[in-house]
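Sequential numbering of the sequence shown, starting at 60, is according to the numbering used here. Quick reminder that beta carbons are idealized off the backbone N, C-alpha and C, glycines included. Only a predicted model underlies this, so the values are computations on that prediction, with no experimental measurement involved. Let me begin by presenting the structure, written as structure tokens, before commenting on it.
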Amino acid sequence: MAAGQRVFERLRAGEGPIGAVAAQRLPVCHHNIGAALAGLAAEASPLPEMASAFAAVEGRLQWTRRRNAEAVGEPFFSGHANAVLVGPGGLEQREDAWIGVTVMAPGIVYPDHDHPPEEVYIALSPGEWWNAEMDWTAPGPGGLIYNPPGILHAMRSHDEPFLALWFLPLG
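As structure tokens, this is what we get:
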């Protein structure tokens, strides 16, 4: 996926400043992140290694809710969180690329949304993605999802916690 390649090319081109992030964990993170990461232990490489690397930095992230999450309803408000690893508000400050993560409790739908940058997801748990050009798709742990720029898209969890990394090349 070219979008993911562009993110990593930008990261290799030079480091951004270290972010002054105040670590913050929301209640949805406590059980759901650990459960999702534990599910990766039996997967093929590099997923167990990714889980270990993520677990090492997860406690330093500033987990937040999506803007206006309360308008979507209580299950979504309490059942999801996002954090930025690289980009504004992340551990590494950058304006040319974002890497972030979303966690959701079981049974949560992340509502339809869009944004100008294209986006690539790496699924770190079971879950489904939809966009205006594809039906609901379950790529499985390690699977990739691509959303073109400006496309309406959503994601959802079922019986298990949802965890996914997202990558946005900017500019």
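Going by C-alpha distance, which of the options is nearest residue i?
{"i": "PRO200", "options": "ILE210, LEU106 and ALA140", "result": "LEU106"}
{"i": "ALA62", "options": "ILE158, HIS139 and LEU183", "result": "ILE158"}
{"i": "LEU183", "options": "LEU150, ALA156, MET163 and HIS212", "result": "MET163"}
{"i": "ALA16", "options": "VAL179, PHE221 and ARG153", "result": "No statement about residue 16 is possible, as the shown extent of the chain runs from 60 to 230 and does not include it."}
{"i": "MET193", "options": "ALA213, VAL160 and PRO176", "result": "ALA213"}
{"i": "ALA103", "options": "TRP225, GLY202, ALA79 and VAL116", "result": "GLY202"}
{"i": "LEU96", "options": "LEU229, LEU222, GLY230 and PHE226", "result": "LEU222"}
{"i": "VAL116", "options": "ASN190, ARG124 and ALA81", "result": "ALA81"}
{"i": "ALA100", "options": "LEU227, TRP225 and ALA110", "result": "ALA110"}
{"i": "GLY118", "options": "SER137, ARG84 and GLU133", "result": "ARG84"}
{"i": "HIS90", "options": "ALA79, SER137 and ALA130", "result": "SER137"}
Could you give the DSSP three-state label for residue i: helix, strand or coil?
{"i": "ASN91", "result": "helix"}
{"i": "LEU69", "result": "The sequence shown places Arg at residue 69, not Leu. In the structure shown, ARG69 sits in a helix (DSSP, three-state: H, G or I)."}
{"i": "PRO208", "result": "coil"}
{"i": "GLY149", "result": "coil"}
{"i": "PRO170", "result": "strand"}
{"i": "LEU96", "result": "helix"}
{"i": "ALA128", "result": "helix"}
{"i": "ALA101", "result": "coil"}
{"i": "GLY159", "result": "strand"}
{"i": "ALA62", "result": "helix"}
Quick one: is residue i buried, meaning 16 or more other Cβ sit within 10 Å of its Cβ, or exposed?
{"i": "VAL179", "result": "buried"}
{"i": "ILE77", "result": "exposed"}
{"i": "PHE113", "result": "buried"}
{"i": "GLU74", "result": "exposed"}
{"i": "ARG65", "result": "buried"}
{"i": "GLY149", "result": "buried"}
{"i": "PHE226", "result": "buried"}
{"i": "ALA142", "result": "buried"}
Spatial neighbours of residue i within its chain, please: C-beta separation below 6 Å, excluding the five flanking residues on both sides.
{"i": "ASP171", "result": "LEU211 and ALA213"}
{"i": "TRP189", "result": "TRP195 and ALA213"}
{"i": "LEU224", "result": "VAL160 and ILE181"}
What are the boundary residues of the alpha helix (DSSP H) that includes residue i?
{"i": "CYS115", "result": "Note that residue 115 corresponds to Ala in the displayed sequence, not to Cys. Residues 106-117."}
Suppose the cutoff is 8 Å on Cβ atoms and the five residues either side in sequence are ignored; what does the same chain contact list for residue i look like?
{"i": "GLY209", "result": "ASP173, HIS174 and PRO175"}
{"i": "HIS139", "result": "VAL87, ARG124, ARG125, ALA128, THR161, VAL162, MET163, ALA164, ILE167 and TYR169"}
Among residues of its own chain, excluding the 5 on either side of residue i, which ones have a beta-carbon nearer than 7 Å to its beta-carbon?
{"i": "GLU187", "result": "TRP195, THR196, ALA197, MET214 and ARG215"}
Using a Cβ-based criterion (distance less than 7 Å to any ligand heavy atom), does residue i qualify as near the ligand GTP?
{"i": "ASP155", "result": "As far as ligands go, the structure on display features none, and thus does not contain the ligand GTP."}
From what residue to what residue does the beta strand (DSSP E) around residue i run?
{"i": "GLU178", "result": "178-182"}
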